[in-house]
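This report refers to the structure that appears directly beneath it.
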Amino acid sequence: MSISRLDKLYRRILLTKFFVKGWGNPNHILRLFQFRKEISNRNKCVDLIPKDYPVTILNEQSFEDYQLIEGTFHSPLAHFLPDVVIPEVRPARFQLIFPKKWKSNTYRPLCIHLAGTGDHHFWKRRNVMAVPLLKHDISALILENPFYGLRKPKDQFRSSLHNVSDIFVMGGCLMLECLVLLRWCESLGFGPLGISGLSMGGHDDTVK
Numbered sequence: 001m002s003i004s005r006l007d008k009l010y011r012r013i014l015l016t017k018f019f020v021k022g023w024g025n026p027n028h029i030l031r032l033f034q035f036r037k038e039i040s041n042r043n044k045c046v047d048l049i050p051k052d053y054p055v056t057i058l059n060e061q062s063f064e065d066y067q068l069i070e071g072t073f074h075s076p077l078a079h080f081l082p083d084v085v086i087p088e089v090r091p092a093r094f095q096l097i098f099p100k101k102w103k104s105n106t107y108r109p110l111c112i113h114l115a116g117t118g119d120h121h122f123w124k125r126r127n128v129m130a131v132p133l134l135k136h137d138i139s140a141l142i143l144e145n146p147f148y149g150l151r152k153p154k155d156q157f158r159s160s161l162h163n164v165s166d167i168f169v170m171g172g173c174l175m176l177e178c179l180v181l182l183r184w185c186e187s188l189g190f191g192p193l194g195i196s197g198l199s200m201g202g203h204d205d206t207v208k
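Taken in order, the sequence shown gives residues 1 to 208; the numbers are from UniProt numbering.
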């Protein structure tokens, strides 16, 4: 039995069913690692995103104590690696939640909350983390994870990524998307700004 066939057999008996299609396209992995050299330099990485990067507002809702804005933008990584970032992942989606009444006119802290493993859509982070923080006058921006929720490929089962390379695409997307959102929030008058996450979201946070 060849190594390739043995690898396929082993993957089929795994209960977790992660990376069932293997490593992914070798050329894509090579290009991702080459692009990593660009974004690992913080000064160069910041310059990759224009300050006026377009963000589109999709919906606005008013609740008793807070406002909720839902928006979208084109994931910047898709501009640099268009054939590596699949179509379902390209539209980044987010929810911005902030108090109706601020305690300060100049101090408006905001935290971007990244998703943990299996945390699809916005509900969990909005209700467990974002809404309670409003009591302390801290706003929240909840970013939909690449390969999760509305950004999930149709043939992907729940959170089970098909390829190892999908993890690298996810990280690259989140890094540049957070840059877009930090600049956008700053332009709206929010600050100081931070990034937070649990589990996988905590790991993603450390590379920003």
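We put the beta carbon where it would ideally sit given N, CA and C, even for glycine.
Just the C-alpha distance for residue i and residue j, rounded to the nearest angstrom, thanks.
{"i": "G149", "j": "R158", "result": "9 Å"}
{"i": "M129", "j": "K21", "result": "34 Å"}
{"i": "W23", "j": "R126", "result": "33 Å"}
{"i": "H203", "j": "G197", "result": "With a pLDDT of 48 at H203, under the threshold of 50, the modelled position of this residue cannot be trusted; read the value that follows with caution. If you take the alpha carbons of H203 and G197, they lie about 8 Å apart."}
{"i": "L32", "j": "L48", "result": "15 Å"}
{"i": "F35", "j": "F168", "result": "11 Å"}
{"i": "Y107", "j": "I39", "result": "30 Å"}
{"i": "A92", "j": "E144", "result": "7 Å"}
{"i": "L161", "j": "G171", "result": "13 Å"}
{"i": "K124", "j": "H79", "result": "30 Å"}
{"i": "A115", "j": "I195", "result": "11 Å"}
{"i": "D155", "j": "H121", "result": "17 Å"}
{"i": "K103", "j": "Y53", "result": "30 Å"}
{"i": "N105", "j": "L188", "result": "13 Å"}
{"i": "P26", "j": "R42", "result": "26 Å"}
Below 8 Å on the Cβ atoms is my guess for residue i versus residue j; work out the distance and round it to an integer in Å.
{"i": "S75", "j": "C173", "result": "5 Å"}
{"i": "F147", "j": "D166", "result": "6 Å"}
{"i": "R183", "j": "K44", "result": "That belief does not hold up - the Cβ atoms of R183 and K44 are roughly 16 Å apart, past 8 Å."}
{"i": "D137", "j": "P99", "result": "6 Å"}
{"i": "L133", "j": "Y66", "result": "Between Y66 and L133 the Cβ distance is about 10 Å, and since that is not below 8 Å, they are no contact."}
{"i": "S139", "j": "F190", "result": "6 Å"}
{"i": "L176", "j": "L30", "result": "Contact doesn't hold; Cβ gap of about 19 Å is too wide."}
Which residues in the same chain have their Cβ closer than 7 Å to the Cβ of residue i, if we skip the five residues on either side of it in sequence?
{"i": "T152", "result": "This sequence places Lys at residue 152; Thr is not what is there. These residues qualify, in order along the chain: E88."}
{"i": "H28", "result": "V84 and S165"}
{"i": "M1", "result": "Residue placement at M1 cannot be trusted, given a pLDDT of 44 that sits under 50; the coordinates are not used to answer."}
{"i": "T72", "result": "T56, L58, P91, A92 and R93"}
{"i": "N163", "result": "F19, K21, G22, W23 and G24"}
{"i": "L193", "result": "L110, L182, C185 and E186"}
{"i": "I86", "result": "P153"}
Can you find the residues in the same chain that come closer than 8 Å, C-beta to C-beta, to residue i, ignoring five residues on each side of it along the sequence?
{"i": "L141", "result": "F94, Q95, L96, I97, L110, C111, I112, H113, L181 and C185"}
{"i": "K101", "result": "none"}
{"i": "V46", "result": "L179"}
Using a Cβ-Cβ cutoff of less than 6 Å, which residues in the same chain neighbour residue i once the five nearest sequence positions on both sides are dropped?
{"i": "Q61", "result": "L68"}
{"i": "residue 216", "result": "Because the chain spans 1 through 208 in this model, residue 216 falls outside it and cannot be assessed."}
{"i": "K37", "result": "none"}
{"i": "V131", "result": "none"}
Flag residue i as yes if its beta-carbon sits less than 8 Å from any beta-carbon of chain D, otherwise no.
{"i": "F190", "result": "Absent here is chain D; the protein component of the structure consists of one chain."}
Please tell me whether, using a cut-off of 7 Å, the distance from the CB of residue i to the nearest non-hydrogen atom of the ligand FMN is below it.
{"i": "Y107", "result": "You won't find the ligand FMN in this model; it holds no ligand whatsoever."}
*List in chain order: all unbroken beta strand (DSSP E) runs of 3+ residues lying wholly within the stretch 54 to 118.*
56 to 62, 66 to 74, 91 to 99 and 110 to 114
*Taking only runs of the alpha helix (DSSP H) that begin and end inside the stretch 15 to 40, which ones reach a length of at least 4 residues, in chain order?*
Fully enclosed alpha helix (DSSP H) runs of 4 or longer: 26 to 39.
*Please list the segments of the alpha helix (DSSP H) lying wholly inside the stretch 116 to 187, counting only runs of 4 or more residues, in order along the chain.*
131 to 134 and 164 to 187
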